[in-house]
Amino acid sequence: MFAHVFKYRFKCLLRDRWSVFWTLVFPLLLATFFYMAFSNIDKSEIFEPINIAVVDDEQYRNDQAFREALSQASAGDDRLFDLTVASEAEADRLLDENLIDGYILVRSPMKLVVRNSGLKQSIIKSFIDNYVQTVSAVKAILKEDPAAQEGLIRDLANRVKYVREVSATSAEPDNILLYFYSLIAMSCLYGSLMGSREVTDIQADISPVASRVNAAPVHKLKLFICNISAAFVIHFSEMLVLLAYLMFVLRIDFGPRTGFVVLTTFLGSAAGLSFGAFVSALGKKSEGIKIAVIIGVTMLCSFLSGMMYQDMKYIIAQKVPVLSFLNPVNLLTDAFYSLYYYDSLSRYAFNAAALLALTLIFCSSVYLIIRRREYASL
Amino acid sequence: MIINARNLVKRYGDLVALDHLSFSVKEGEIFGLLGPNGSGKTTAINCILSLLKYDNGEVEIFGETMTPDAYHIKRNIGIVMQNVAVYNELTVYENIDYFCGLYVRDKNLKKRLVDEAVEFVGLNEFTRFYPKKLSGGLLRRLNIACGFAHRPKLIIMDEPTVAIDPQSRNRILEGILELNREGATIIYTSHYMEEVEKICSRIMILDKGKAIATGTKDELKAMITLGEKITVESYGVTEEQLKRMRSLPNIVSVDYRDQVLEVKSGKGKNNLETVLDFIKKEGIQFGKIYCELPTLNDVFLELTGKELRD
Ligand SMILES: Nc1ncnc2c1ncn2[C@@H]1O[C@H](COP(=O)(O)OP(=O)(O)OP(=O)(O)O)[C@@H](O)[C@H]1O
Ligand SMILES: [Mg+2]
Numbered sequence: 001m002f003a004h005v006f007k008y009r010f011k012c013l014l015r016d017r018w019s020v021f022w023t024l025v026f027p028l029l030l031a032t033f034f035y036m037a038f039s040n041i042d043k044s045e046i047f048e049p050i051n052i053a054v055v056d057d058e059q060y061r062n063d064q065a066f067r068e069a070l071s072q073a074s075a076g077d078d079r080l081f082d083l084t085v086a087s088e089a090e091a092d093r094l095l096d097e098n099l100i101d102g103y104i105l106v107r108s109p110m111k112l113v114v115r116n117s118g119l120k121q122s123i124i125k126s127f128i129d130n131y132v133q134t135v136s137a138v139k140a141i142l143k144e145d146p147a148a149q150e151g152l153i154r155d156l157a158n159r160v161k162y163v164r165e166v167s168a169t170s171a172e173p174d175n176i177l178l179y180f181y182s183l184i185a186m187s188c189l190y191g192s193l194m195g196s197r198e199v200t201d202i203q204a205d206i207s208p209v210a211s212r213v214n215a216a217p218v219h220k221l222k223l224f225i226c227n228i229s230a231a232f233v234i235h236f237s238e239m240l241v242l243l244a245y246l247m248f249v250l251r252i253d254f255g256p257r258t259g260f261v262v263l264t265t266f267l268g269s270a271a272g273l274s275f276g277a278f279v280s281a282l283g284k285k286s287e288g289i290k291i292a293v294i295i296g297v298t299m300l301c302s303f304l305s306g307m308m309y310q311d312m313k314y315i316i317a318q319k320v321p322v323l324s325f326l327n328p329v330n331l332l333t334d335a336f337y338s339l340y341y342y343d344s345l346s347r348y349a350f351n352a353a354a355l356l357a358l359t360l361i362f363c364s365s366v367y368l369i370i371r372r373r374e375y376a377s378l
Numbered sequence: 379m380i381i382n383a384r385n386l387v388k389r390y391g392d393l394v395a396l397d398h399l400s401f402s403v404k405e406g407e408i409f410g411l412l413g414p415n416g417s418g419k420t421t422a423i424n425c426i427l428s429l430l431k432y433d434n435g436e437v438e439i440f441g442e443t444m445t446p447d448a449y450h451i452k453r454n455i456g457i458v459m460q461n462v463a464v465y466n467e468l469t470v471y472e473n474i475d476y477f478c479g480l481y482v483r484d485k486n487l488k489k490r491l492v493d494e495a496v497e498f499v500g501l502n503e504f505t506r507f508y509p510k511k512l513s514g515g516l517l518r519r520l521n522i523a524c525g526f527a528h529r530p531k532l533i534i535m536d537e538p539t540v541a542i543d544p545q546s547r548n549r550i551l552e553g554i555l556e557l558n559r560e561g562a563t564i565i566y567t568s569h570y571m572e573e574v575e576k577i578c579s580r581i582m583i584l585d586k587g588k589a590i591a592t593g594t595k596d597e598l599k600a601m602i603t604l605g606e607k608i609t610v611e612s613y614g615v616t617e618e619q620l621k622r623m624r625s626l627p628n629i630v631s632v633d634y635r636d637q638v639l640e641v642k643s644g645k646g647k648n649n650l651e652t653v654l655d656f657i658k659k660e661g662i663q664f665g666k667i668y669c670e671l672p673t674l675n676d677v678f679l680e681l682t683g684k685e686l687r688d
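Protein sequences appear in the order of chains R and E. With the first letter of the first sequence counted as 1, position 21 gets the number 21 in my numbering; the numbers rise by one all the way through. With the first letter of the second sequence counted as 1, position 194 gets the number 572 in my numbering; the numbers rise by one all the way through.
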């Protein structure tokens, strides 16, 4: 019997074009759209190494530390400079022919020769400033505390980090990830369309087909559980498809905790379904109105959790913190976020627990409403 | 007794949809519920099925109290709701199979029953169609098939033939008689009196949630004073003649409109003869003449003072 019900429920849900669109096609499209939008940003603003020269003279050759700093900044994929070592005359010629943006004369103080001013020139400038500052700090410290040498060497190595931060200004991988987190969270919540339908199809005062089912010799709650399990299996599978698409096709890196990402999606799927069931159980309104409410609420939740405008998330967290705990999309986004950025799982656990609590509240409300098998009006 | 409903009261706020309604249905009957729109037919059915909570009264089906979890009772009931109740995502065949499967577990039996039901409503060519692709009438037929495919002992049909063309309607009425001959007891709800008159063995007339009369169609017709209705196409009848006609013995009313003379007579013999004699004697020119026995509409009209059809 339940295999029978399950089988047909499966068919019904999979053939419901709109629900498949919102829960699967739309998220995939949106993911692709996000991906294209962000990779364009990446391409247009990707950091090109700056062409510079350094004049090869005595001072340069003697300044071991500066030589090292320069060569470090000119090595690797995310290098700051493409460095040419040349005579002063040669460097002048390169600058005239626009083959380099500036050249450095190792003097005291350091001298930077440029033809015009712009972003590239100021990056070279700030590199030199930074170097000078570090060197003088090192000297000062060494004078007072020669034993600190070891720590300073580590400090110097930080220059590498400085280089990376400069080169990463526009790409901001964290923000892009946030968009994808909200996207997954939103898709989870679209599961509410399926949850809503389950209630519609079991409540005789909402749909005629439910009257027929209610008149059949089947336990209503058992039937409902069977139906919603089918919905869950479908929706969770759709979410797995979305995750796989993000990870393997768009190559979004969610960090090493894939298992937890899947678990979070699992919770999200359950939260979505139960939320939809809850909305549907609340009233006898038409299916169209319910779908509108669900899509509206989902969009609003996504907006408040920063899907369209990132700072929204922080504004809400500061101004109306309660809302961030009640917003399932936000809880999901935050759960993903904390998985990626924090080693400790405590913030993740908090989000997951809050999500679970919301789900349980929705489920028990739905239970209280649909367990009645006689209706006040049809 | 298949159904025994006593004193059903259902209120929607101030509106009393069922007003102390009692009736019983015997095994093997086709029991007709006849009443105008809003008289409480659907409400009565939903109460019997324990779908609707009622304010007072009790319902026994197959001799046991009906409750929402009386599955052994529900197993033997089939319903055809007034509103089409099928899944839009399932084909004709799948819909029938789904609902049949809620009652019948044995796979082979189920398959046979579903095939029979498809045959019964004549949807053989449409088994792979989705409901959205069916015409209104075909959809109604699917709705019927979903209701009785499991061959229940009691079939409750709420206006099953609405929107079905006369030909298919007759076919379905034949089918209902056939199901009845095979042993099913049927409750049939309609506001088409011809249908009810044609197939029902007993009829309850409902108005405003009350049963105003119950009986076979002959019993119902015997309840009223109207004998027959005589209609005569005639020309140039004067007021004077009409007046004299009204004073004839056993004539209840005489109307003359658009050259049609309508004469209603009380019960008794020779009414037609009286009218014809009068017409000949007065030298009234006449064309066609019909004589009809009272219909259920006349019964309803006389009992409630209004037409059954609005
Ligand atoms: N859910 C409801 N809320 C309020 N009133 C209702 C409700 N359902 C039915 N009614 C009222 O109860 C009365 C009986 O309605 P019901 O549907 O039983 O009539 P019916 O005889 O089946 O009519 P029809 O021939 O149109 O199907 C009507 O006056 C109707 O307006
Ligand atoms: Mg009705």
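By construction, the Cβ of each residue, glycine as well, lies at the ideal position given by its N, Cα and C atoms. If you're wondering where the values come from, they're calculated on a predicted model, not measured in any experiment.
Straight-line spacing of the CA atoms in Lys659 of chain E and Gln619 of chain E works out to 11 Å. If you ignore the 5 residues before and after Ile291 of chain R, its C-beta comes within less than 8 Å of the C-beta of Trp18, Leu193 and Ser196, all in its own chain and listed in chain order.
Counting other Cβ atoms within 10 Å of its Cβ, Glu651 of chain E stays below 16 and is therefore classed as exposed.
One Cα belongs to Ile455 of chain E, the other to Cys478 of chain E, and the distance between them is close to 12 Å.
With a threshold of 8 Å, the Cβ atom of Asp536 of chain E counts as near ligand 2, since some heavy atom of the ligand is closer than that. In this structure, the CA atom of Leu557 of chain E is about 25 Å from the CA atom of Leu429 of chain E. Annotation: Tyr634 of chain E has no Cβ neighbours in chain R at a cutoff of 9 Å; minimum Cβ distance is about 48 Å.
Approximately 5 Å separates the beta-carbon atoms of Gly644 of chain E and Val630 of chain E; this is inside 8 Å, confirming the contact.
Distance from Leu356 of chain R to Leu267 of chain R at the Cβ level is roughly 6 Å; contact confirmed, criterion being Cβ atoms closer than 8 Å. Near chain E, meaning a CB-to-CB distance below 9 Å, no residue of the region 233-246 of chain R qualifies. If the five residues before and after Lys120 of chain R are omitted, its C-beta is found closer than 7 Å to the C-beta atoms of Ile50 and Asp101, all from its own chain and listed in chain order. Around the beta-carbon of Phe33 of chain R, fewer than 16 other beta-carbon atoms lie within 10 Å, marking it exposed. Listed by position along chain E, the residues whose Cβ is nearer than 9 Å to that of Met194 of chain R form an empty set, because the closest Cβ is around 13 Å away. The Cβ atoms of Glu611 of chain E and Val638 of chain E lie closer than 9 Å to each other. Remark: C-beta atoms of Phe678 of chain E and Ile590 of chain E approach each other more closely than 9 Å. Taking a Cβ-Cβ threshold of 8 Å, the residues of chain E close to Cys12 of chain R are Tyr465, Glu467 and Leu468, in chain order. Interface annotation, Gly479 of chain E: in contact with chain R, CB-CB separation under 9 Å.
Among the bridge pairs identified by DSSP, Arg384 of chain E is matched with E:Glu436. Per DSSP, His398 of chain E is one residue of the beta strand (DSSP E) stretching across Leu393 to Val403. A direct Cα-to-Cα measurement between Ala270 of chain R and Ser237 of chain R gives close to 12 Å.
If you check the C-beta of Thr420 of chain E against ligand 2, you find a heavy atom less than 8 Å away. Annotation: Arg15 of chain R to Glu472 of chain E spans about 13 Å, alpha carbon to alpha carbon.
Neighbours of Ser377 of chain R in chain E, taken as residues at a C-beta separation under 8 Å, are given in chain order as Tyr390 and Leu430. Interface annotation, Ser211 of chain R: in contact with chain E, CB-CB separation under 9 Å. At a cut-off of 9 Å between beta-carbon atoms, Met623 of chain E makes no contact with chain R.
Lys285 of chain R and Glu494 of chain E have their C-alpha atoms roughly 37 Å apart. Distances from the alpha-carbon of Lys388 of chain E to those of E:Leu411, E:Ile423 and E:Leu681 put E:Ile423 closest. The region 594-628 of chain E is shown to contain whole alpha helix (DSSP H) runs of 4 or more residues at 595-601 and 617-624, in chain order. Taking 8 Å as the cut-off, one finds at least one heavy atom of ligand 2 near enough to the beta carbon of Thr567 of chain E.
Taken through DSSP and simplified to helix, strand or coil, Thr682 of chain E comes out as helix. Under the three-state reduction of DSSP output, Met312 of chain R falls in the helix class. Judged by DSSP secondary structure, Lys111 of chain R falls outside any alpha helix (DSSP H) and instead within the beta strand (DSSP E) spanning Lys111 to Val113. Listed in chain order, the alpha helix (DSSP H) runs fully inside the region 14-88 of chain R are 17-20, 26-45, 58-62 and 64-73, counting runs of at least 4 residues.
Neighbours of Asn424 of chain E across chain R, judged by C-beta separation under 7 Å: Leu378.
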